[in-house]
Amino acid sequence: MKPLICFVDDSGFELENFKKNAAWAFSKVDFIYAKTFEQAVSQVNNKVVIGFLLDIYGKIPSGKPPSGFDRKRYFSEAPQAFDPVELVRNNFPKDSEQVNGFLRGLYNQVQSWQVFFNRTAGDLGQSRAYGLANLEKASQKYPWAASLAYSRKALYLDGVKMSRAGAMMVLQKPQGLDDADIARKTRKAGPDLAHALYQAVNRRLIAKASPLGLRLALLGEEKYTILAQAVNRGINRLADPLQSRVNVKAADLARELEKAQDAPVLEPIERKILLALQTWLAQQDIAPD
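Quick note: the sequence shown uses our numbering, first residue 490, plus one each step.
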């Protein structure tokens, strides 16, 4: 049974584009596609979730109706266009300090458009609150799972907010001139996306399983020491897959951990972490994507 990655995005186009053009690169996992976190959870059943791909911009979860698009306000509040030729002519940078000052001024132009974009998105009922809410739900229900933000429209501050809220990475959806171009670039980006997600899953499971291995070792009983050693070998396999592969098959480690599921000393959350580690390890003998 392959572990699950849940891709949550309020756009049907984005879900279908990923399914058709990127999912082929993820041979070690299966995907759930959903527009809300709740829809994703309803499809999990008895499978093991190890990660989330979360769109950032989506319908504001408060349920408050958007104010709507005000054409007059849109044009009146849009940032003033600037002439980049004049900007260079009047402020041509000659040393590092002037370069920094020039770039700050140029970024101010970018920032004014970012603020305008956020306000306009809010008027239309979309904001990063969608991604932040889904991230919080994922972290609470599946604390061992790696959550990655995945967006095309997100701005710098959106990435900061998602990272501070616990997203392990912020990935950009491939940009394109039209839907067909986006599809082509998504297909090309598939292997890199898979690599990034797998690395995040490894780091998350290592972070969650390491305290469990230590706790079991400190119990001092031989049966738990053996289990702790199995957990630590699994951690080492994820941390250094090329070196560890020479010594032991990941599938063998997964079977060792499977036998430990009924250990009475384990807390419910520890059983889930162990199951996630076991299920992910079972895929590690597959050739790298």
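Ideal placement from N, C-alpha and C gives every residue a C-beta, glycine not left out.
Can you tell me whether residue i is buried or exposed, with buried defined as 16 or more other CB within 10 angstroms of its CB?
| i | result |
| --- | --- |
| aspartate 498 | buried |
| leucine 705 | buried |
| isoleucine 671 | buried |
| glycine 547 | buried |
| serine 640 | buried |
| serine 687 | Sequence check: residue 687 is tyrosine here, not serine. The residue is buried, with at least 16 neighbouring Cβ atoms inside 10 Å. |
| aspartate 751 | exposed |
| methionine 490 | exposed |
Hey, could you find the ends of the beta strand (DSSP E) residue i is sitting in?
| i | result |
| --- | --- |
| isoleucine 521 | 519–523 |
| tyrosine 639 | 635–640 |
| methionine 657 | Premise fails: methionine 657 is in no beta strand (DSSP E) and is neither H nor E. |
Quick one: what's got a C-beta closer than 6 Å to residue i's C-beta in the same chain, skipping five residues either side?
| i | result |
| --- | --- |
| isoleucine 539 | Pro492, Ala634, Val690, Ala765 and Trp769 |
| tyrosine 631 | Val538 |
| lysine 536 | Leu493 |
| alanine 654 | Leu621 and Leu624 |
| leucine 542 | Phe496, Leu637 and Tyr639 |
| phenylalanine 515 | Ala683 |
Considering only DSSP beta bridges, list what residue i is partnered with.
| i | result |
| --- | --- |
| glycine 540 | Ile494 and Ala635 |
| glycine 501 | Paired residues: none, contrary to the question. |
| lysine 548 | Gln615 |
Within its chain, find whatever has a CB closer than 7 Å to the CB of residue i; leave out the 5 residues flanking it on each side and keep chain order.
| i | result |
| --- | --- |
| alanine 743 | Gln767, Leu770 and Ala771 |
| leucine 727 | Asn691, Leu694 and Ile695 |
| alanine 717 | Gly702, Leu705 and Ala706 |
| glycine 501 | none |
The alpha helix (DSSP H) with residue i in it runs from where to where?
| i | result |
| --- | --- |
| leucine 644 | No alpha helix (DSSP H) contains leucine 644, which DSSP labels as neither H nor E. |
| aspartate 668 | 668–707 |
| aspartate 729 | Per DSSP, aspartate 729 belongs to no alpha helix (DSSP H) and is neither H nor E. |
| aspartate 741 | 739–748 |
| tyrosine 529 | Contrary to the premise, residue 529 reads as alanine rather than tyrosine in this sequence. Segment 526–531, the alpha helix (DSSP H) holding alanine 529. |
| leucine 770 | 757–770 |
Using only the alpha-carbon positions, how far apart do residue i and residue j sit?
| i | j | result |
| --- | --- | --- |
| glycine 620 | alanine 719 | 36 Å |
| leucine 783 | glutamine 629 | Summary: the structure shown does not reach residue 783, with the chain confined to residues 490 through 778, and so no result is reported for it. |
| glutamine 598 | phenylalanine 605 | 11 Å |
| proline 680 | phenylalanine 520 | 15 Å |
| leucine 504 | lysine 517 | 19 Å |
Which residues in the same chain as residue i place their Cβ atom closer than 8 Å to its Cβ, once the five residues preceding and following it in sequence are excluded?
| i | result |
| --- | --- |
| valine 754 | Leu705, Leu708 and Tyr713 |
Examine the ligand ADP and report whether any of its heavy atoms sits within less than 7 Å of the Cβ of residue i.
| i | result |
| --- | --- |
| isoleucine 539 | This structure lacks the ligand ADP; in fact it carries no ligand of any kind. |
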